[in-house]
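There are 2 protein chains.
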Amino acid sequence: MRLFGLGLFVSASVFAAAPAIAQTPASGPIDVPAKTIQVPTTVSPQLQKIIAMPLRSNWNLLPKTGEEWKPVADAGAAALVKNVPGMLERLKVKVEKTTIDGVRAYIVTPETVAPENRNRQLIHMHGGCYVLNPGEAGLPEAIFMAGFGHIKVISVDYRMPPEASFPAALDDGITVWKAALKTTNPKNMAIFGTSAGGALTLEMVLKAKELGLPLPGAIAPGTPMSDVTKVGDTFYTNAMLDNVLVSPDGFCDAGAKVYANGRDLKDPMLSPVYGDMTGFPPTILTSGTRDLLLSNTVRVHRKLRQAGVEAQLQVYEGMSHAHYIRDDTAPESKEVFEEIQGFFDKHLGK
Amino acid sequence: MRLFGLGLFVSASVFAAAPAIAQTPASGPIDVPAKTIQVPTTVSPQLQKIIAMPLRSNWNLLPKTGEEWKPVADAGAAALVKNVPGMLERLKVKVEKTTIDGVRAYIVTPETVAPENRNRQLIHMHGGCYVLNPGEAGLPEAIFMAGFGHIKVISVDYRMPPEASFPAALDDGITVWKAALKTTNPKNMAIFGTSAGGALTLEMVLKAKELGLPLPGAIAPGTPMSDVTKVGDTFYTNAMLDNVLVSPDGFCDAGAKVYANGRDLKDPMLSPVYGDMTGFPPTILTSGTRDLLLSNTVRVHRKLRQAGVEAQLQVYEGMSHAHYIRDDTAPESKEVFEEIQGFFDKHLGK
Chain Y
1 MRLFGLGLFV SASVFAAAPA IAQTPASGPI DVPAKTIQVP TTVSPQLQKI
51 IAMPLRSNWN LLPKTGEEWK PVADAGAAAL VKNVPGMLER LKVKVEKTTI
101 DGVRAYIVTP ETVAPENRNR QLIHMHGGCY VLNPGEAGLP EAIFMAGFGH
151 IKVISVDYRM PPEASFPAAL DDGITVWKAA LKTTNPKNMA IFGTSAGGAL
201 TLEMVLKAKE LGLPLPGAIA PGTPMSDVTK VGDTFYTNAM LDNVLVSPDG
251 FCDAGAKVYA NGRDLKDPML SPVYGDMTGF PPTILTSGTR DLLLSNTVRV
301 HRKLRQAGVE AQLQVYEGMS HAHYIRDDTA PESKEVFEEI QGFFDKHLGK
Chain G
1001 MRLFGLGLFV SASVFAAAPA IAQTPASGPI DVPAKTIQVP TTVSPQLQKI
1051 IAMPLRSNWN LLPKTGEEWK PVADAGAAAL VKNVPGMLER LKVKVEKTTI
1101 DGVRAYIVTP ETVAPENRNR QLIHMHGGCY VLNPGEAGLP EAIFMAGFGH
1151 IKVISVDYRM PPEASFPAAL DDGITVWKAA LKTTNPKNMA IFGTSAGGAL
1201 TLEMVLKAKE LGLPLPGAIA PGTPMSDVTK VGDTFYTNAM LDNVLVSPDG
1251 FCDAGAKVYA NGRDLKDPML SPVYGDMTGF PPTILTSGTR DLLLSNTVRV
1301 HRKLRQAGVE AQLQVYEGMS HAHYIRDDTA PESKEVFEEI QGFFDKHLGK
């Protein structure tokens, strides 16, 4: 045995003639050439079909007011709701429209509630850049969760522009949370949602902390819009590759701006990655390798871990933004929601 | 309240005039235009410096024999070992060279072993595409782990081409594992490593299962070369962006092929993602958003979870392949190894 010392290392000059594979210091941007990216063979045929779709048409449509967004949102919703009846049938879930203290919502119930979930319920905040997926169009994720998780879900059909802007969506979520607290132990409840719904999930916990309300037993923000200031590496590295959001300069950014209505976009109630996550409940995060918001997701994960919060990260091969709420027959969708339900089961009271 | 039925959904034709943001079916590859990617502002100054480095020089150097690799490996090692004394000093770690049942190894010991780690030790398999980082050049990760984790590490200086090829590296790892079993409870030990070392970590567990040897209490494969058949989405999506591995057609692939020495690259002892992970110990995986092997990492994570294994995924903002073992003064490096040590502490016996 010998102890290391500075003098024991061989000088580099001995090897000067050999070609080193090494990096020399520099600073600055990197020029990535154009690439043709194939559909991966490492995912299910259903997910391959979703990944093979072209970039979202009109991804660079940038409506500037709630009034301009309305017809866009309605057209998108009309296309989406056509899928809902099939989902309900396949996943054996029923949906009832309701109003909770003045807030529009849907009660989403599986045919069979698992015994361990009898005294539990989940609050769902849908996605859509704060301007899309009104009404039934916001339901697919809630239906997936109820169906794969065998658990009751309240899906909040929160106000969006032009009906109302910031902080209307958050306020509606908090109203429903307060109402839920009257009937159910907070430790038996979780909040979840994807994209803007993932951000709203985080914002609701920040707001509940601020208001001194009890926190849920767990949360599941999926690929959250945790930073709407265009900061985050994958906004750029995955641009023109993520076929859903496509670019940080696309429709989603435009939607968030309309909702913000002049509010500083760095406000933690719009960009929750800047909030104080101390004391957050156990959190499971979901994203994909092609997701424009992969950075927004992993930054929240790191921030939670740095605050000592139990936080699980799930990143799925090949998925762009929120691909996991497209097709309930894709095994990856089932896997995402069963992972979330497993996490909830571990952390929620009964 | 009303119950949903098929007839309740509004026909899409009503909205035909509005511009929908929607995707139309198609199939096939996606053409991603050339991009200039800035260094992210969301990481530490130290990590920014690492990310700002240009693509590794000679990344497309493709030696075809062990003899051709030797001078390349020696030149790289000479450059790397110059950093070791500083790391040892800053992290208060000492290194002793030894031989364990004929296998070269280093005993890496922190000045202060944490009380909970007194009866624990870790086995380290270094990275380098099975051909690089001989001798002291393989030590940085072991030093980081010992220093940040306050725990004893045995780093295996396994045989590589031209000295020996497949399965020499794995055999040397197993020899050290068997020797360690004579002195230490397997549940008090973990195996870890990055890149080829991450693959070897997984291969050692597969091999231990095959041989009926006791398994470690936990493992930490970092950005493992879990698939050397060039399958995995980020091989392509992160090509020419990851400044370390650069391309699936680069030096690392060439190195793995030389080590494989004609063996089928899909053999789980070379591409462990194809192995049976049932019964694996708790596993913590580490990668980065720019990592060429992000897919190789998340695919292992999913496979472990599908096998019911407790598995944690850590993905760090902006990191290319193995960026976390470059600079011990980067807060992200400390974070990576403290997370791993926290995971080990949770799962190892005392």
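Protein chains in written order, with the working numbering: chain Y, 1 to 350; chain G, 1001 to 1350. Glycine residues also receive a C-beta, built at the ideal position from the N, C-alpha and C atoms.
Which chain G residues are close to residue i, counting only those with a beta carbon under 9 Å from its beta carbon?
| i | result |
| --- | --- |
| Y:Val156 | Result: empty, since nearest Cβ-Cβ is about 16 Å, beyond 9 Å. |
Is residue j closer than 8 Å to residue i when the C-beta atoms are compared?
| i | j | result |
| --- | --- | --- |
| G:Gly1066 | G:Lys1187 | no |
| Y:Ile100 | Y:Ile123 | no |
| G:Tyr1259 | G:Tyr1130 | yes |
| Y:Pro140 | Y:Met87 | yes |
| G:Ile1284 | G:Ala1220 | yes |
| G:Thr1201 | G:Leu1294 | no |
| Y:Pro216 | G:Met1240 | no |
| G:Met1204 | G:Arg1120 | no |
| G:Leu1061 | G:Val1072 | yes |
| G:Lys1207 | G:Leu1170 | yes |
| Y:Val336 | Y:Gln314 | yes |
| G:Leu1132 | G:Gly1255 | yes |
Work out the CA separation of residue j and residue i for me, nearest whole Å.
| i | j | result |
| --- | --- | --- |
| Y:Phe144 | Y:Thr41 | 25 Å |
| G:Val1014 | Y:Asp253 | The pLDDT assigned to G:Val1014 is 36, lower than 50, so where the model puts this residue is not dependable, and the model offers no usable value. |
| G:Gln1038 | G:Thr1109 | 39 Å |
| Y:Arg290 | Y:Asn238 | 6 Å |
| Y:Tyr316 | G:Gly1232 | 11 Å |
| G:Ser1165 | Y:Ile191 | 52 Å |
| G:Ile1340 | Y:Val84 | 43 Å |
| Y:Pro282 | Y:Phe344 | 9 Å |
| Y:Asp327 | Y:Lys303 | 31 Å |
| G:Phe1251 | G:Gly1149 | 32 Å |
| Y:Lys92 | Y:Val103 | 26 Å |
| G:His1301 | G:Val1176 | 26 Å |
| Y:Gly367 | Y:Thr286 | This structure gives no information on residue 367 of chain Y, because the portion of chain Y shown stretches from 1 to 350. |
| Y:Lys266 | Y:Val309 | 23 Å |
| G:Leu1213 | G:Met1125 | 18 Å |
| Y:Pro45 | Y:Lys82 | 22 Å |
| Y:Thr36 | G:Pro1029 | 6 Å |
| Y:Ala262 | Y:Glu96 | According to the sequence as given, residue 262 of chain Y is Gly; it is not Ala. Computed Cα separation, rounded: 35 Å. |
| Y:Asn58 | G:Thr1223 | 37 Å |
| G:Gly1138 | G:Glu1068 | 20 Å |
| G:Asn1296 | Y:Thr278 | 32 Å |
| Y:Leu6 | Y:Val43 | Since pLDDT at Y:Leu6 reaches only 33, below the 50 mark, its modelled position is unreliable, and the value read off the structure follows with that caveat. About 50 Å. |
| G:Gly1128 | G:Glu1136 | 13 Å |
| G:Ala1330 | Y:Asp31 | 25 Å |
| Y:Ala78 | Y:Ile325 | 17 Å |
| Y:Lys152 | Y:Glu332 | 22 Å |
| Y:Pro161 | Y:Gly76 | 15 Å |
Quick one: which chain G residues come within Cβ less than 8 Å of residue i?
| i | result |
| --- | --- |
| Y:Thr42 | Val1231, Gly1232, Asp1233, Ser1295, Arg1299 |
| Y:Leu241 | Ile1030, Val1032, Thr1237 |
| Y:Tyr316 | Val1298, Arg1302 |
| Y:Leu348 | Near Y:Leu348 there are no residues of chain G at all, since even the closest Cβ is about 19 Å away, more than 8 Å. |
Is residue i helix, strand or coil by DSSP?
| i | result |
| --- | --- |
| G:Met1269 | coil |
| G:Ser1155 | strand |
| G:Gly1007 | Residue placement at G:Gly1007 is poorly supported in this model, since its pLDDT is 32, which falls under 50; the coordinates still yield a value, given next. Note: G:Gly1007 maps to helix in three-state DSSP. |
| Y:Phe166 | coil |
| G:Gln1341 | helix |
| G:His1150 | coil |
| Y:Glu96 | strand |
| G:Leu1285 | strand |
| G:Gly1173 | helix |
| Y:Leu122 | strand |
| Y:Phe144 | helix |
| G:Lys1035 | strand |
| G:Pro1054 | coil |
| Y:Ala105 | strand |
| Y:Thr41 | coil |
Under 8 Å between beta-carbons, which chain Y residues line up against residue i? List them in chain order, please.
| i | result |
| --- | --- |
| G:Thr1289 | Asp233, Thr234, Thr237, Leu294, Ser295, Val298 |
| G:Gln1046 | Chain Y residues near G:Gln1046: none, gap ~13 Å exceeds 8 Å. |
Mind listing the chain G neighbours of residue i? Cutoff is C-beta to C-beta under 7 Å, in chain order.
| i | result |
| --- | --- |
| Y:Ile37 | Pro1029, Ile1030, Val1032, Tyr1236, Thr1237 |
I want to verify the contact list: residues of chain Y whose CB lies under 9 Å from the CB of residue i, in sequence order.
| i | result |
| --- | --- |
| G:Gln1121 | Going along chain Y, no residue has its Cβ under 9 Å from G:Gln1121, so there is no contact; the nearest lies around 16 Å. |
Identify the contact partners of residue i in chain Y, using a Cβ-Cβ distance below 7 Å as the criterion.
| i | result |
| --- | --- |
| G:Gln1341 | Going along chain Y, no residue has its Cβ under 7 Å from G:Gln1341, so there is no contact; the nearest lies around 13 Å. |
Could you tell me whether the stretch 1237 to 1256 of chain G touches the stretch 1303 to 1321 of chain G, using the rule of 3 or more Cβ pairs below 8 Å?
-> yes
Answer yes if the stretch 216 to 231 of chain Y comes into contact with the stretch 262 to 280 of chain Y, meaning at least three C-beta pairs across the two stretches below 8 Å, and no otherwise.
-> Using a Cβ-Cβ distance cut-off of 8 Å, the stretch 262 to 280 of chain Y and the stretch 216 to 231 of chain Y are in contact, since at least three pairs of beta carbons, one from each stretch, lie closer than that value.
Could you tell me whether the stretch 1050 to 1057 of chain G touches the stretch 1102 to 1118 of chain G, where touching means 3 or more Cβ pairs closer than 8 Å?
-> Segments in contact, no.
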